[in-house]
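Here is the structure we will look at, set down as structure tokens.
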Amino acid sequence: MEPSRPRLPLLLLLLHFSLLASPCSARWRDGGGVGDLRESFLRCVARRSPATAADPSRLVHAPGDASYPSLLDSTIQNLRFASPRTPRPALVLTPVTADEVRACVVCCRAHGLTVRARSGGHDYEGLSYRSLGRSPRFAVVDVAALRAVRVDAARGVARAEAGATLGELYYAVAEGSGGRLGFPAGICPTVCVGGHLSGGGFGPMMRKYGLAADNVVDAEVVDAEGRLLDRAAMGEGLFWAIRGGGGGSVGIIVSWTVNLVPVPAVVSAFTVHRLLLRRGGHDEQSLLRLLTKWQAVAHALPDNLFVKMSMEAKTINDGDDSTRHPLVTFKSLFLGNCSDMITQIDHHLPELGIKPTDCREMNWLQSMLYSYGYTNGQPAEVLLDRTLQPKDYYKIKLDYLTSPIPTPGLIELLTKIVEDEDGSIDIDPQGGEMSRIPESGTPYAHRSGYLYNLQYFVKWGGDKNVSYEDDHLSWVRGLHELMTPYVSKNPRAAYINYRDLDLGQNVEGNTSYEEARVWGEKYFRGNFRRLAMVKGEVDPDQLFWSEQSIPPLVVSTRDAGLVSDS
């Protein structure tokens, strides 16, 4: 009789068959070659998307392909992350239909790749296309080619695919409605709607109509299983999460359907400057009184009047000498004519001294060009130029004010702003509709009681190359630290569309909800827990992962039902 053979333990046997059943996933996690990954991925998408089968190579781009560098770099807006030293994705995927997006997601899962979605590449920390890890075990699904916009003026809605820019959306809305309708979103026309609305979406009409995300009524998203879901199919929990919870955490946005808003035939705007040439005297005291009064009233003005303030350094040359001085700028948008706006300003903020010659009338579409800085009557078609925004090196941080900055803080700002000629500060008023929407209405939680958002910028480009980076980063981080006594607390609030890795980040392979609360509650306050619960329902395996993606929080069946139904 033959000796008995030793039996494999049941667990080992199951592991053996699981590896046979899913060779792609196991192989690529163990470091299969780039060429092998590319070929296997091509076969996968060809099976999953019949329309792609004829030429799947137009969809899949690996580091060895001639198309890879230009496609990856095409929408890297922050040149700090365009360095060859930046960890790059294993694949760049360029779907042109929703069906191809679905195929990309399914095949990424099969190959053990996490997914990062990119529409316009404006993520301030570059997390839609780069990793901070050592191993490029992720793919970028770039949806820039999905850019159709359809306007239904009779119903007052528009459907915009994720790769459409704000400029393209604005142009289509104005053309499709005969100038009667607009949309409340940001001033940068090259930002794409996929990411902008996912994080909320500031803009000069937010005091009247709320954030861009507050006006979303439907969406299409590809989830972690590769399903294309509209609002009815995804449920209210996921629909809540995508309207302000940040891009790339719970799925890939394919399209938004948004409510459009009425705009008058004539809107008006002004831009006025106050240059402080002498510190410590009457001129500075006058400017401080103006800044104090503006802080007291700008968040409480009529909803159709938006007046923001910014600071930068202006260099004045005097012979062989040059000196920097604080330049304060006030910029407005009023949904009405100049006469009515000046009446409002004279009543609420007479210290600004606005004259009829300061004010310009235009239509709403022209006002979006004006807000971006095109103030010389450029044609509206400029909004369709997807290369309008120059690429720069930059770092941006953000705070919120729940009370006005006192005079000592304003003096500190006027001093700090001249230390970096490439730095600037923008302060945008909230209030109005922003305050009336409940904190839990969308993931954007900074509502009632949040008077202003305070944005710190430093940008450098051209011959001011990356060798200047340390000085610029030190300045903007120092400014953020300087403002600590004056800004929101417990937590010190931040905004996901102004992503900031200084606040904290996930560690690959160890993404913990409790650890992520350090940065997550700054972005979302109490809504962070609900976002993590939604993540736990729809993507517990974290197919959609980045250094600041929402971590999953798995809860009881009863609590999960509350998230889905609320």
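According to mature numbering (1 follows the signal peptide of the UniProt record, and there is no 0), the sequence shown holds residues -26 to -1, 1 to 540 in order. The beta carbon of each residue, even a glycine, is placed where N, CA and C say it ideally should be. Here the structure is a predicted model, which is why all the values come from computation and not from measurement.
For the 8 angstroms CB-CB criterion, C312 and S242 form a contact. Rounded to the nearest angstrom, the gap between the Cα atoms of L505 and D359 is 35 angstroms. With 16 or more other Cβ atoms from the protein chains shown falling within 10 Å of its own Cβ, I391 counts as buried. Within its own chain, the residues whose Cβ lies closer than 8 angstroms to the Cβ of A354, once the five positions on either side in sequence are excluded, are Y145, A148, L339, Q340 and L343, listed in chain order.
DSSP places R54 within a helical segment (H, G or I) once states are collapsed to three. Residue environment analysis places G494 among the buried positions, since at least 16 neighbouring C-beta atoms fall within 10 angstroms of its C-beta. Between the segment 224 to 235 and the segment 378 to 387, the count of C-beta pairs closer than 8 angstroms stays below three; the two stretches do not touch.
Check the Cα spacing between D116 and each of S306, R76, R133 and L212: the tightest is with R76. Under the DSSP definition of a beta bridge, P300 partners with A287.
Taking a contact as a CB-CB distance under 8 angstroms, the pair D192 and G225 does not count as one, their CB atoms being some 14 angstroms apart. Given a length threshold of 4 residues, each whole run of the alpha helix (DSSP H) inside the segment 176 to 224 is given here in chain order: 180 to 183 and 205 to 216. Along the segment 33 to 93, the beta strand (DSSP E) occurs as fully enclosed runs of 3 or more residues at 65 to 67 and 88 to 92, listed in sequence order. A straight-line Cα-Cα distance of about 18 angstroms links L264 and M315. Distances from the alpha-carbon of G177 to those of R253, I401 and G500 put I401 closest. Within the segment 109 to 176, the runs of beta strand (DSSP E) at least 3 residues long that lie entirely inside it are, in chain order, 112 to 116, 123 to 126 and 131 to 135. Collapsing the DSSP output to three states places W449 in a helix.
Secondary structure remark: continuous alpha helix (DSSP H) runs of at least 4 residues inside the segment 379 to 448, in chain order: 381 to 390 and 407 to 410.
Remark: C-beta atoms of Y430 and T376 do not approach each other more closely than 8 angstroms. D359 carries a coil assignment under DSSP once its states are collapsed to helix, strand and coil.
Between the segment 407 to 418 and the segment 283 to 290 there are fewer than three C-beta pairs closer than 8 angstroms, too few to call the two in contact. Judged by their CB atoms, G150 and A187 are not nearer to each other than the 8 angstroms cut-off. The beta carbon of C81 is closer than 7 angstroms to those of F15, C18, V19 and R22 in its chain, skipping five residues each way along the sequence. Distance from the CA atom of E13 to the CA atom of G200, rounded to whole angstroms, is 21 angstroms.
For V528, the number of other beta carbons within 10 angstroms of its own is below 16, and it is reported as exposed. Residue pairing by DSSP places A243 opposite R334 in a beta bridge.
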